[in-house]
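Residue numbers (our numbering), protein chains in the order written: chain A, 1 to 387; chain B, 388 to 745.
Ideal Cβ placement from N, Cα and C applies to all residues, glycine included.
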Amino acid sequence: MSEGRSRSERWAPQQVWRRIWSVIALPLISILLALLVGAIVIIASQLVLPGAQFNLLLPLTAYSALLQGAFGSFDAIVDTLVATAPLVLGGLSVGFAFKAGLFNIGAQGQFLLGALGSVAVGIALAGSSPLVAISLALLAGLLAGAAWGFIPGFLKAVSGAHEVVVTIMLNYVARYVIGAVVGGPLRQQGRSEAITPDVGNAGLPILIGNSGHAGIVLALVAVVFIAWLLFRTTLGFEIRTVGANPDAARYAGMRPRVLTILTMSLAGGLAGLAGAVVVLGVQHNMTPSFVSTVGFDSIAVALLGRTNPVGIVFAALLFGALRAGATLMQIEAGIPVELIDVLQATILLFLVANPVLRRVFRLRGVKTGIETTETITKTYGGETPVA
Amino acid sequence: MDQLIGGLYGIPIVGLVFQFGGYLIAVLPSIAPGILQAATPIAFAALCGVMCERAGVVNIGIEGIMITAAFVGWYTGVLLAPSMGSVDLGLFGANLALVIALIVALLSGVVISALHAWLSISIRADQIISGTIINIAALGLTGYLNNLISKTSPNGAGAFTQFRPPRELLDLPIVGWILGMFLSQGPIAMSVIVIVVVFQVLLFRSRWGLRSRAVGEHPRAAETVGIDVIRVRYRNVLYGGVFAALGGAYLSMEATNSFQQEMTTGRGFIGLAAMIVGRWTPLGAFGAALLFSSSTALGNSIKFALPSGDLGTILAGLPDQFYDALPYLVTIVILAGVVGRSIPPAADGQPYEREATT
Numbered sequence: 001m002s003e004g005r006s007r008s009e010r011w012a013p014q015q016v017w018r019r020i021w022s023v024i025a026l027p028l029i030s031i032l033l034a035l036l037v038g039a040i041v042i043i044a045s046q047l048v049l050p051g052a053q054f055n056l057l058l059p060l061t062a063y064s065a066l067l068q069g070a071f072g073s074f075d076a077i078v079d080t081l082v083a084t085a086p087l088v089l090g091g092l093s094v095g096f097a098f099k100a101g102l103f104n105i106g107a108q109g110q111f112l113l114g115a116l117g118s119v120a121v122g123i124a125l126a127g128s129s130p131l132v133a134i135s136l137a138l139l140a141g142l143l144a145g146a147a148w149g150f151i152p153g154f155l156k157a158v159s160g161a162h163e164v165v166v167t168i169m170l171n172y173v174a175r176y177v178i179g180a181v182v183g184g185p186l187r188q189q190g191r192s193e194a195i196t197p198d199v200g201n202a203g204l205p206i207l208i209g210n211s212g213h214a215g216i217v218l219a220l221v222a223v224v225f226i227a228w229l230l231f232r233t234t235l236g237f238e239i240r241t242v243g244a245n246p247d248a249a250r251y252a253g254m255r256p257r258v259l260t261i262l263t264m265s266l267a268g269g270l271a272g273l274a275g276a277v278v279v280l281g282v283q284h285n286m287t288p289s290f291v292s293t294v295g296f297d298s299i300a301v302a303l304l305g306r307t308n309p310v311g312i313v314f315a316a317l318l319f320g321a322l323r324a325g326a327t328l329m330q331i332e333a334g335i336p337v338e339l340i341d342v343l344q345a346t347i348l349l350f351l352v353a354n355p356v357l358r359r360v361f362r363l364r365g366v367k368t369g370i371e372t373t374e375t376i377t378k379t380y381g382g383e384t385p386v387a
Numbered sequence: 388m389d390q391l392i393g394g395l396y397g398i399p400i401v402g403l404v405f406q407f408g409g410y411l412i413a414v415l416p417s418i419a420p421g422i423l424q425a426a427t428p429i430a431f432a433a434l435c436g437v438m439c440e441r442a443g444v445v446n447i448g449i450e451g452i453m454i455t456a457a458f459v460g461w462y463t464g465v466l467l468a469p470s471m472g473s474v475d476l477g478l479f480g481a482n483l484a485l486v487i488a489l490i491v492a493l494l495s496g497v498v499i500s501a502l503h504a505w506l507s508i509s510i511r512a513d514q515i516i517s518g519t520i521i522n523i524a525a526l527g528l529t530g531y532l533n534n535l536i537s538k539t540s541p542n543g544a545g546a547f548t549q550f551r552p553p554r555e556l557l558d559l560p561i562v563g564w565i566l567g568m569f570l571s572q573g574p575i576a577m578s579v580i581v582i583v584v585v586f587q588v589l590l591f592r593s594r595w596g597l598r599s600r601a602v603g604e605h606p607r608a609a610e611t612v613g614i615d616v617i618r619v620r621y622r623n624v625l626y627g628g629v630f631a632a633l634g635g636a637y638l639s640m641e642a643t644n645s646f647q648q649e650m651t652t653g654r655g656f657i658g659l660a661a662m663i664v665g666r667w668t669p670l671g672a673f674g675a676a677l678l679f680s681s682s683t684a685l686g687n688s689i690k691f692a693l694p695s696g697d698l699g700t701i702l703a704g705l706p707d708q709f710y711d712a713l714p715y716l717v718t719i720v721i722l723a724g725v726v727g728r729s730i731p732p733a734a735d736g737q738p739y740e741r742e743a744t745t
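Quick look at the structure:
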């Protein structure tokens, strides 16, 4: 787009702003419109529900509590960062798979298995030196998640079973695996409620504030690593080629089957690491009913971040802030935290419906919302896309 | 005979297979109605999938349509029960509020489907992303409203009850339990069989069916012979919404009389697997749904009464969660085993763009 321009022209303030605008215009408009829709939902739900007091300003109360809960104090900001870290890793997991034309809806299950793996090793090494305990516990989370991601990758490569159905099934299986293992072998003896022992020295060190653990740094390292892998290595090039055009990749001598398995395993590992970060950094133990919204939020993070590692960081920050602030919103305005899911879906809706936004807001030259994922549906169904 | 059975059961390892077969034959008549009940929401999800994908639209938002219908049906019942709940209709334990609530639930399914149709047919968005958005939105919104409503824990309009076929019919040898399986059911579960058969015939024997399949296989060719591709796709996706909504309504208005957050627990996706295993035909999808649901029913049966012998000892050692996870595991295994030989409609998932008129 700027072939004829000199380097200094390209970096002129006006050009830089134009390029930034072309990237953030659609997400920004989508977010603002979603907040508007959220406000309408809050107001409308008061009308539908009998006995609720009608308050036209409730959305303002809710959003200001949300903002305060996310950025209102130093502790709040740290909490937002803590909520952001697993979302970065999860978003990378889903986004990385998108690059290869795979839809990893299974981040949820891989997250749970990663958490389980890290807590199992963490308990065993609770008394050893922190360096050993932490690194091995994190590695266990990574491997457990990778194993859970390997299954759909392998099945897709071998039989053509679409990863969407398989990973969703595995999400449910993961939930029961947690229940069985935490309620069984890992359960702490002598306590009435089912809960694992503390991970002790395997807990991540706190770096900032009261809760800002090292997982935040780990997430940023992962961003750099994935960006390097995708854009600076042959493997990354092959993954992106398979995602853009599986046929072309095959004719060029790449092996889509191997790449599918590898990508899903790596994506699983990233989601598993997200689980490890939550367990080792925040919970320090696990109950059979351990759940989190991270897995599903990751899909929204990856899409909003346009599957780009840097975009994912900003998207994760947004959803991390929403999750961190939602608690205060629930307390102060009585708004259920599920409002965040509604906001999330609405943001994605506007991104997907970007042709309409372009027309309405007369946007020109801005990048499309979600263009890198167009191959996913093509590979759907029973055909063997990676044969 | 008993000696023979005892001999077969006694063979090491292989004997376990016989023991399992014996257990299956013994419990099948008693769990058969439960199999159809567990299959009902899955079958409706699968029928929705067949309806949409035969016309070339991938719909993974089925889960979202189901949970929406389950919620809307239940909550409409809550609102109508005080005024119309006492108008008894004398069939299936239905009252006026319940019937109206069911109709509203089906309409809600059509509305959600319309969103998916618009995104995937008119906007030509990635259909899997569109379905995902519907799932997140539906689970979030129903969870949000349920959270607000459950503070008052209101009473719904009740649930449809099962038909009680005459005892003599059920006592018939051999066919008795099969009749019981299909007749000892509420109206929604019973309607599955009718809908499957009618859908199967229409899809392969009617003009509408031929047009739908043409649009799903080769939309360009369909357009050249004068079929309005966009219109057929919209219509099928909206019809599919009715099916998915029936599956959702079944959960909150027939299987139970209340709504729980995330009560669909992946049945929309199991339905998609059933559709694939059933090779995109209504009958096949129904059969696959029965296969998947029998694992649920069997798991419940084993938890309730263990088989005797070595098999029982082995099964007793497995944690309860294994049986809860069984339907999902069975779905994965069967899907992976069958999928390579199951071919989707050629234009499945591809947005259609009219050629510019010159």
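>> If you measure between the beta carbons of Ala660(B) and Ser159(A), is that distance less than 8 angstroms?
In response: no
> From Trp505(B) to Val242(A), what does the alpha carbon distance come to, in whole angstroms?
Replying inline: C-alpha separation (whole angstroms): 29 angstroms.
>> Taking the alpha helix (DSSP H) that Ile216(A) belongs to, which residues open and close that run?
In response: 215-232
> If you draw a straight line from the alpha carbon of Ala712(B) to that of Asn687(B), how long is it in whole angstroms?
Replying inline: 11 angstroms
> Given that a residue counts as buried once 16 or more other Cβ atoms are within 10 Å of its Cβ, and exposed if not, what is Arg362(A)?
Replying inline: exposed
> Out of curiosity, what's the CA-to-CA distance linking Leu403(B) and Arg594(B)?
Replying inline: 51 angstroms
>> Can you find the residues in the same chain that come closer than 7 angstroms, C-beta to C-beta, to Val720(B), ignoring five residues on each side of it along the sequence?
In response: Shown here for Val720(B): not one same chain residue has a beta carbon closer than 7 angstroms to its own, the five before and five after excluded.
>> Here's the rule I'm using: 16 or more other beta-carbon atoms within 10 Å means buried, otherwise exposed. How should Thr455(B) be labelled?
In response: buried
> Just how far apart, CA to CA, sit Phe314(A) and Ala546(B)?
Replying inline: 47 angstroms
>> Could you give the first and the last residue of the continuous beta strand (DSSP E) run that contains Ile206(A)?
In response: Here the beta strand (DSSP E) through Ile206(A) covers 206-208.
>> Please report the distance separating the alpha-carbon of Ile239(A) from that of Leu259(A).
In response: Using only the alpha carbons, I get a separation of about 6 angstroms.
>> Excluding the 5 residues flanking Thr384(A) on each side, which residues of the same chain have their C-beta closer than 7 angstroms to its C-beta?
In response: In this prediction, Thr384(A) has a pLDDT of 38, which is less than 50 and means its spatial position is unreliable; what the coordinates show is noted afterwards. Correct list, in chain order: Gly160.
> So which of Tyr531(B), Pro420(B), Ala426(B) has the shortest CA-CA distance to Gly674(B)?
Replying inline: Ala426(B)
> Should Val301(A) be flagged as near chain B, meaning a C-beta pair shorter than 8 angstroms?
Replying inline: no
>> Can you check which of these residues, Phe646(B), Asn644(B), Ala631(B), is closest to Asn446(B) by C-alpha distance?
In response: The candidate whose alpha carbon is nearest that of Asn446(B) is Ala631(B).
> To which residues does DSSP link Gly402(B) through a beta bridge?
Replying inline: Its beta-bridge partners do not exist; DSSP assigns none.
>> Pairs of beta-carbons, one from the stretch 454-468 of chain B and one from the stretch 581-595 of chain B, closer than 8 angstroms: are there three or more?
In response: Remark: fewer than three beta-carbon pairs, one from each stretch, lie closer than 8 angstroms, so the stretch 454-468 of chain B and the stretch 581-595 of chain B are not flagged as touching.
> So with Cβ pairs under 8 angstroms, would you call Thr373(A) a contact of chain B?
Replying inline: Note that Thr373(A) scores 48 on pLDDT, short of 50, meaning its location in the model is unreliable; the coordinates nonetheless yield the value given after this. So, interface residue.
> Taking DSSP as the reference, what is the three-state secondary structure of Gly212(A)?
Replying inline: strand
>> Taking a contact to mean a Cβ-Cβ separation below 8 angstroms, would you say Ala83(A) touches Gly320(A) in this structure?
In response: yes
> Which one or two residues does DSSP pair with Asp475(B) in a beta bridge?
Replying inline: DSSP, once it has assigned bridges, lists Asn482(B) as partnering Asp475(B).
>> Against Tyr626(B), what residues of chain A qualify as contacts under a CB-to-CB distance less than 8 angstroms, listed in chain order?
In response: Neighbours of Tyr626(B) on chain A: none; closest Cβ ~20 angstroms, over 8 angstroms.
>> Can you pull the chain B neighbours of Ile168(A), defined as C-beta to C-beta under 8 angstroms?
In response: Correct list: Gly653, Phe656.
>> Tell me which residue opens and which closes the alpha helix (DSSP H) that Lys99(A) is part of.
In response: 74-99
>> Beta carbons nearer than 7 angstroms to chain A: which residues of the stretch 503-527 of chain B have them?
In response: Leu506, Ile510, Ala512, Asp513, Gln514, Ile515, Ile516, Ser517, Thr519, Ile520, Ile523, Ala524, Leu526, Gly527
>> Residues of the stretch 331-348 of chain A in Cβ contact with chain B at a cutoff of 9 angstroms, in chain order, please.
In response: Gly334, Ile335, Pro336, Val337, Glu338, Leu339, Ile340, Asp341, Val342, Leu343, Gln344, Ala345, Thr346, Leu348
>> Measuring only the C-alpha atoms, how far is Ile105(A) from Leu87(A)?
In response: 14 angstroms
> How close, in whole Å, do the beta carbons of Leu102(A) and Met254(A) come, if the pair is a contact with beta carbons under 8 angstroms?
Replying inline: Between Leu102(A) and Met254(A) the beta-carbon gap is near 15 angstroms, outside 8 angstroms, which marks them as no contact.
> Given a threshold of 16 other Cβ atoms within 10 Å of its Cβ, counted over all protein chains shown, does Lys798(B) qualify as buried or as exposed?
Replying inline: Because chain B in this structure spans residues 388 to 745, residue 798(B) falls outside the shown range and cannot be described.
>> For Phe111(A) and Asp341(A), what's the separation of their Cα atoms in angstroms?
In response: 18 angstroms
>> I'd like the list of long-range same chain contacts for Val717(B), defined as Cβ closer than 7 angstroms, with 5 residues on each side in sequence excluded.
In response: Non-local C-beta neighbours of Val717(B) in its own chain, meaning closer than 7 angstroms and more than five positions away in sequence, comprise Phe679, Ser682, ordered along the chain.
>> For Gly451(B) and Asn522(B), which I take to be in contact (beta-carbon distance under 8 angstroms), what is that distance rounded to the nearest angstrom?
In response: 4 angstroms
> Where do the N-terminal and C-terminal ends of the alpha helix (DSSP H) with Met329(A) fall, by residue?
Replying inline: 309-333
>> What residue range does the alpha helix (DSSP H) around Ala524(B) cover?
In response: 514-536
> Can you name the residues of chain A whose CB is closer than 7 angstroms to the CB of Ile447(B)?
Replying inline: Val164
>> Taking 8 angstroms as the threshold (beta carbon to beta carbon), is Asn534(B) in contact with chain A?
In response: yes
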